[in-house]
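Quick note, the sequences are listed as chains A and B, same order.
If you're matching positions, the first sequence starts at 39 in the working numbering and goes up one per residue.
If you're matching positions, the second sequence starts at 39 in the working numbering and goes up one per residue.
Glycine included, each C-beta is placed from N, C-alpha and C at the ideal position.
Accompanying notes for the structure given below.
Number of protein chains: 2
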Amino acid sequence: MPKRVDHDRRREELAGALVRCARVHGLHATGFREVAAEAGVSVNLVQYYFPTKQQLLHGGLLHLRARISRRLSHALAALPEPADPVAQVRAILVHLMPHDQDSADLYRVHAAYAALALTDPALAAQPHTAGPDELHPVLTDLVTRAGQQGRTDPRRDPRTTATTLLALATGLSAYTTSGYHTAADAVRGLDDQLDLLFPPADPSPVRRSALRG
Amino acid sequence: MPKRVDHDRRREELAGALVRCARVHGLHATGFREVAAEAGVSVNLVQYYFPTKQQLLHGGLLHLRARISRRLSHALAALPEPADPVAQVRAILVHLMPHDQDSADLYRVHAAYAALALTDPALAAQPHTAGPDELHPVLTDLVTRAGQQGRTDPRRDPRTTATTLLALATGLSAYTTSGYHTAADAVRGLDDQLDLLFPPADPSPVRRSALRG
DNA sequence: GTTTTCATAGTACCGTTGTACGATAAAACG
DNA sequence: CGTTTTATCGTACAACGGTACTATGAAAAC
Chain A
39 MPKRVDHDRR
49 REELAGALVR
59 CARVHGLHAT
69 GFREVAAEAG
79 VSVNLVQYYF
89 PTKQQLLHGG
99 LLHLRARISR
109 RLSHALAALP
119 EPADPVAQVR
129 AILVHLMPHD
139 QDSADLYRVH
149 AAYAALALTD
159 PALAAQPHTA
169 GPDELHPVLT
179 DLVTRAGQQG
189 RTDPRRDPRT
199 TATTLLALAT
209 GLSAYTTSGY
219 HTAADAVRGL
229 DDQLDLLFPP
239 ADPSPVRRSA
249 LRG
Chain B
39 MPKRVDHDRR
49 REELAGALVR
59 CARVHGLHAT
69 GFREVAAEAG
79 VSVNLVQYYF
89 PTKQQLLHGG
99 LLHLRARISR
109 RLSHALAALP
119 EPADPVAQVR
129 AILVHLMPHD
139 QDSADLYRVH
149 AAYAALALTD
159 PALAAQPHTA
169 GPDELHPVLT
179 DLVTRAGQQG
189 RTDPRRDPRT
199 TATTLLALAT
209 GLSAYTTSGY
219 HTAADAVRGL
229 DDQLDLLFPP
239 ADPSPVRRSA
249 LRG
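Encoded structure:
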């Protein structure tokens, strides 16, 4: 075997194996032995790259976040060019939710990390474990831009709208993952909310005025 | 010690101890020994009432659900008499969210159960583990009643509205529990959404018309 | 060509966990 | 009063977890 190995690459492989295990048996039940078996290497090799379990878990979290972030970038890049802020908001939220097999797996494990962080201070100390820390400003900015284009009620606080949308996506994702409804239902719920917040410039009767006057 | 003991009572006590432990160290890290120590009894006594760990976990879940349900009933009973459906919806959702120490603990452990159910088929098989199974019809009914009173857009599907509200409450609760924002912020977000869905019969300028025509 | 370094493997150790077994005091029952 | 039941306890056992120690073949360095 060669002497020099790309440690980062190897860590990525092992972190991928960790996520693959956690997706099935859960994060708490995934240890060195399972990861090693999944990756097809010895137990000690896992320890060679992740000396302690905390580092292993941390590596898995980094891997997870990188994959989610990559998916999000692709989704945004695939949007048609005249960047519509509402469409961007929708793209971000939809691709945050478990809408296909891959994203369902990612969300599942991410939820497991979030649950673990509730009681594990070492994980909670890691930035971006579960919260919308870095996404919230982005959404706030997009919502603000949409407001400047007159797409929403100017009296609404964009930060509140961003929080609401993120929380809704989170809740809908949780229900999808629990099997309470389908991914399509979740997307429908999200679109419904987007229509409510950013009413389409429609020739149809105005949504709300029907029940006034 | 007396010969006859109310087993159900004892089980409640032990389940309470389980929840108290899980609140701090997490559900997966809570075993017979911690529960026994928390309850001030021997390890074997816990096993006497919950022979296996699955039964112990199941007992804790039942205890949890009973307490949440009791809190909800009290919240609904405390409402002023001419039952306003929107106020009832709000009461249900607010008291589902972690808005004080007790409900924060309950939500925390409930979230741990939900996370565990994602990978533990035995828990997932238990009804009402995490989903809004029994609350959704209630909310749908209340939203329908609100619609009959002309409080909301008649074109909206009450079931969709109920799902949205539940998912929003879930997401806001998750962020509160993760420490991303305060419980008051979460309630504000919920109230904002309720105002959006059920605009107050206001003398003030109509919310949405400001940006049309 | 020898020596050092490095990636990998096997195995062993110790703590913890769920679970089982046996013991005991007290109450109930005859 | 004796016996049986019952709530409780202490201890033990087998398995599994993370972690540490040692070995080994191969590449690199000199």
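Notebook entry, point to check: Assuming A/Val81 contacts A/Phe70 under a Cβ cut-off of 8 angstroms, what Cβ separation, rounded to an integer in Å, is found between them?
Noted result: 5 angstroms
Check: Roughly how many whole angstroms lie between the Cα atoms of B/Phe236 and B/Arg189?
Finding: 5 angstroms
Item checked: Partner residues on chain B for A/Pro170, Cβ-Cβ distance less than 8 angstroms -> Tyr213 and Tyr218
Notebook entry, point to check: What separation, rounded to the nearest whole angstrom, lies between the Cα atoms of B/Pro238 and B/Ala207?
Noted result: 20 angstroms
Notebook entry, point to check: How about B/Gly64 and B/Ala150: do their beta carbons lie closer than 8 angstroms?
Noted result: yes
Next item on the list: Determine the contact status of B/Ala205 and A/Gly227, defining contact as a CB-CB distance below 8 angstroms.
Entry: yes
Next item on the list: Find the residues of chain A that neighbour B/His63, judging by a C-beta separation of less than 8 angstroms, and give them in chain order.
Entry: Thr157
Check: Which term fits A/Ala160, buried or exposed, when burial requires 16 or more other beta carbons within 10 angstroms of its beta carbon?
Finding: exposed
Checklist line | Cβ pair A/Tyr197, A/Thr178 closer than 8 angstroms | finding: The residue you asked about is not Tyr; residue 197 of chain A is Arg in the sequence shown. Yes, the pair counts as a contact, with Cβ atoms nearer than the cut-off.
Next item on the list: Answer with buried or exposed for B/Gly78, where buried requires no fewer than 16 other C-beta atoms within 10 angstroms of its C-beta.
Entry: exposed
Next item on the list: Using a Cβ cut-off of 7 angstroms, pull out every chain A residue sitting near B/Asp230, in sequence order please.
Entry: Thr198 and Thr202
Margin query: Suppose you measure from the CA of B/Tyr127 to the CA of A/Tyr86; what does that come to, to the nearest Å?
Written below: Per the sequence shown, residue 127 of chain B should be read as Val rather than Tyr. The straight-line gap from Cα to Cα measures roughly 54 angstroms.
Check: For B/Thr90 and chain A, any beta-carbon pair shorter than 8 angstroms?
Finding: no
Check: Listed in chain order, which residues of the region 133 to 153 of chain B have Cβ atoms closer than 8 angstroms to some Cβ of chain A?
Finding: Arg146, Ala149, Ala150, Ala152 and Ala153
Margin query: Short of 9 angstroms Cβ to Cβ, which residues in the region 82 to 112 of chain A face chain B?
Written below: none
Check: Distance, Cα to Cα, B/Glu119 vs A/Ala224?
Finding: 35 angstroms
Check: Between which two residues does the alpha helix (DSSP H) carrying B/Phe70 extend?
Finding: Phe70 to Ala77
Check: Does the distance from the C-beta atom of A/His101 to that of A/Val57 stay below 8 angstroms?
Finding: yes
Margin query: Using a Cβ-Cβ cutoff of less than 7 angstroms, which residues in the same chain neighbour B/Arg105 once the five nearest sequence positions on both sides are dropped?
Written below: Leu144
Check: Applying a beta-carbon distance threshold of less than 7 angstroms, which residues of chain B neighbour A/His66?
Finding: His66
Item checked: Beta-carbon gap between B/Val73 and B/Leu95 smaller than 8 angstroms -> no
Note to self: Residues of chain A with CB closer than 7 angstroms to the CB of B/Ala75, please, in chain order.
What the structure shows: Correct list: empty, because the minimum Cβ distance to chain A is about 17 angstroms.
Check: For A/Asp122, which of helix, strand or coil comes out of DSSP?
Finding: coil
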